[in-house]
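Chains A and B, in that order, give the protein sequences. Residues in the first sequence are numbered from 1 upward in steps of one, following UniProt numbering. Residues in the second sequence are numbered from 1 upward in steps of one, following UniProt numbering. Note sheet for the following structure.
Number of protein chains: 2
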Amino acid sequence: MTDQSWDPYERDCPTRQLLDRIGDRWTVLIIGALGDGPLRFGELSRRVDGVSQKMLTQTLRALERDGLVTRTLYPQVPPRVEYELTQAGRTLQGPLGALDDWARTHMVGVLAAREAYDLSV
Amino acid sequence: MTDQSWDPYERDCPTRQLLDRIGDRWTVLIIGALGDGPLRFGELSRRVDGVSQKMLTQTLRALERDGLVTRTLYPQVPPRVEYELTQAGRTLQGPLGALDDWARTHMVGVLAAREAYDLSV
DNA sequence: CCGAATCCTGCGCGATACTG
DNA sequence: CAGTATCGCGCAGGATTCGG
Numbered sequence: 001m002t003d004q005s006w007d008p009y010e011r012d013c014p015t016r017q018l019l020d021r022i023g024d025r026w027t028v029l030i031i032g033a034l035g036d037g038p039l040r041f042g043e044l045s046r047r048v049d050g051v052s053q054k055m056l057t058q059t060l061r062a063l064e065r066d067g068l069v070t071r072t073l074y075p076q077v078p079p080r081v082e083y084e085l086t087q088a089g090r091t092l093q094g095p096l097g098a099l100d101d102w103a104r105t106h107m108v109g110v111l112a113a114r115e116a117y118d119l120s121v
Numbered sequence: 001m002t003d004q005s006w007d008p009y010e011r012d013c014p015t016r017q018l019l020d021r022i023g024d025r026w027t028v029l030i031i032g033a034l035g036d037g038p039l040r041f042g043e044l045s046r047r048v049d050g051v052s053q054k055m056l057t058q059t060l061r062a063l064e065r066d067g068l069v070t071r072t073l074y075p076q077v078p079p080r081v082e083y084e085l086t087q088a089g090r091t092l093q094g095p096l097g098a099l100d101d102w103a104r105t106h107m108v109g110v111l112a113a114r115e116a117y118d119l120s121v
């Protein structure tokens, strides 16, 4: 063994792969919105304020592709589609919830630090 | 009170603010790299594989501005600068570590689901 | 109601070159 | 070693329009 105790962030490490996947503006918010149970397309777009139809569709497709969300089409007219977290998707709720808690606790301080810094410049 | 149990993701909620802040390719990796203790600029750029000088500087400045990282200049030649997590910055290690653990456990499955999905299309 | 397809723009970010 | 300055492209993603 070497004395290298730190495993560096290589380009293809799991952390990077996850970041590439959820590191956009909408994925985390959509997973959060689905946390309470299945939602229809329209309900989702209302809960995630400001998301465009295109990005909502695109993000949901990606989540479905990765096995984190299921898409269920009820063949009726008008069409009804429901999205729901899979088992795997639900395992993300914990880590994401921790981030959410951090945000509620610390973001005020961060914003204050930012203002103070700007004044000092 | 209303029967509205869900607090929607308004444009300025803490979650969104945090996401706007750490939702880029480098911030999370840099905080992770600083988790073991202070590091110099050059050490950081070696640990975070692929980060450009520009993005490393830029991200570190933003972290300093938000009170998550301190920058210490040792006036000697050649110059020596060390970056270190602040108390507030260290409180992020928990939530970020949880995400990291998730990635190590589940990303393989996600990648597999993705491949399966692509084949089925 | 739920999407797909197209067009168009901003700016994130990498590459490169230069300072103290 | 640790930055700053400038240029330029790629592409995420918003607006809009059309289909089932």
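The beta-carbon is built from N, C-alpha and C at its ideal position, and this holds for glycine as well.
Count the other CB atoms, across all protein chains shown, that sit within 10 Å of the CB of residue i; report buried if there are 16 or more and exposed otherwise.
i	result
Val121 of chain B	exposed
Gly37 of chain A	exposed
Ala103 of chain B	buried
Arg71 of chain B	exposed
Asp3 of chain A	Per-residue confidence for Asp3 of chain A stands at a pLDDT of 47, beneath the threshold of 50, marking its modelled position as unreliable; no derived number is given.
Leu39 of chain A	buried
Val28 of chain B	buried
Thr15 of chain A	buried
Does the distance from the C-beta atom of residue i to that of residue j stay below 8 Å?
i	j	result
Leu60 of chain B	Val69 of chain B	yes
Leu44 of chain B	Ile30 of chain B	yes
Tyr9 of chain A	Asp24 of chain B	no
Arg47 of chain B	Ala33 of chain B	yes
If distances are taken between C-alpha atoms only, which option among the options comes closest to residue i?
i	options	result
residue 145 of chain A	B:Leu119, B:Gly109, B:Thr72	Lying outside 1 to 121, the shown extent of chain A, residue 145 of chain A is not represented and no answer is given.
Gly35 of chain B	B:Gly42, B:Tyr83, B:Leu119	B:Tyr83
Arg11 of chain B	A:Leu92, A:Trp26, A:Thr72, A:Leu119	A:Trp26
Gly67 of chain B	B:Met55, B:Leu73, B:Leu85, B:Leu56	B:Leu85
Ala113 of chain B	A:Ala112, A:Glu64, A:Gly32	A:Glu64
Arg80 of chain B	B:Leu111, B:Lys54, B:Thr15, B:Phe41	B:Phe41
Leu92 of chain A	B:Met107, B:Thr91, B:Arg90	B:Met107
Gln17 of chain A	B:Thr105, B:Lys54, B:Val77, B:Pro78	B:Thr105
Arg21 of chain A	B:Tyr117, B:Glu115, B:Asp118, B:Leu111	B:Leu111
Looking at the strands, I want to know which residues DSSP matches up with residue i.
i	result
Glu84 of chain A	A:Thr70
Val48 of chain A	B:Tyr9
Leu39 of chain B	B:Tyr83
* Asked: Quick one: any contact between the segment 97-110 of chain A and the segment 93-103 of chain B, if contact means 3 or more CB pairs under 8 Å?
  -> Yes: at least three Cβ pairs fall under 8 Å.
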